[in-house]
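Using the working numbering, the first residue of the sequence shown is number 79, and each one after it goes up by one.
Each residue gets a CB set at the ideal place from its N, CA and C atoms; glycine is no exception.
Fair warning: this is a prediction, and the values are worked out from it, not measured in the lab.
Written out below as structure tokens is the structure these notes cover.
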Amino acid sequence: MSAMQAVFDRVEIEALRAEVTDAVMMRDFDRVASLFTPEGAMRWPHIDKEFVGREEIRAGIEWGQGLWEFFFQTVHPGVIRLDGDTAVGRVYIQEFGRMHDGTSHLNYALYHDRYQRMSDGWKFSERVYEVKYLDSTPLTGSPPRHLAHRRV
């Protein structure tokens, strides 16, 4: 692999990681699913959930997002290791929000990712979520008043 191809691949994988975060935050569940290979998997061992295939991934993300009154996720770039048409990597996550049941949630976590080059670009073949820190202290803030009536 040429050095230039490696740069292109890294940029495309970073764009994929940014795209999935944006799709989750914008509640675009079809777009989330489209960013996985057809046999791709999303695994959340901390709550014993696993979604395999685009349909299950879409339904799983929609289910998970449906639990939140409001939710915010930030992603910090991590390592990418290329190996031809496959790659592995990690991204570092901070999530926070309040569930519809009134419980609060702040965590620091990471995704262990596997990527596959497809004819239409890089896709996730697997994402495994690992929570490193969890704080359920009640949040004292709330969404801005003009958003309180909307589902965020």
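For residue i and residue j, what's the separation of their Cα atoms in angstroms?
i: Val230; j: His183; result: With a pLDDT of 47 at Val230, under the threshold of 50, the predicted position of this residue should be treated as unreliable, and no value is reported.
i: Met79; j: Gly162; result: 7 angstroms
i: Ser233; j: Thr218; result: Since the first residue of the chain shown is 79 and the last is 230, residue 233 is not available in this structure.
i: Ala193; j: Ile91; result: The sequence shown places Tyr at residue 193, rather than the Ala named in the question. If you take the alpha carbons of Tyr193 and Ile91, they lie about 8 angstroms apart.
i: Leu188; j: Ile171; result: 5 angstroms
i: Phe150; j: Arg105; result: 11 angstroms
i: Tyr186; j: Asp213; result: 9 angstroms
i: Gly138; j: Phe129; result: 6 angstroms
i: Ala96; j: Glu173; result: 15 angstroms
i: Thr115; j: Glu134; result: 12 angstroms
i: Thr181; j: Met103; result: 20 angstroms
i: Ala119; j: Pro222; result: 35 angstroms
i: Arg132; j: Met82; result: 31 angstroms
i: Asp87; j: Gly156; result: 15 angstroms
i: Val89; j: Arg136; result: 25 angstroms
i: Trp141; j: Thr99; result: 16 angstroms
Looking at the structure shown, is residue i part of a helix, part of a strand, or coil, going by DSSP?
i: Val157; result: coil
i: Val230; result: Residue placement at Val230 is flagged as unreliable, the pLDDT there being 47, under the threshold of 50; the coordinate-derived value follows with that caveat. Correct three-state label for Val230: coil.
i: Met79; result: coil
i: Asp179; result: coil
i: Asp213; result: strand
i: Asp163; result: coil
Contact check, residue i vs residue j under 8 angstroms by CB: the rounded distance?
i: Val153; j: Val166; result: Actually they are not in contact, since the Cβ atoms of Val153 and Val166 sit about 17 angstroms apart, beyond 8 angstroms.
Is there contact between the stretch 203-219 and the stretch 118-126, where contact requires at least three CB pairs shorter than 8 angstroms? yes
Segments of 3+ residues assigned as beta strand (DSSP E) that fall wholly inside the stretch 91-125: 114-122
Alpha helix (DSSP H) runs wholly inside the stretch 123-147, at least 4 long, in chain order: 132-144
Are there three or more Cβ pairs, one per stretch, closer than 8 angstroms when the stretch 158-172 is compared with the stretch 127-145? no
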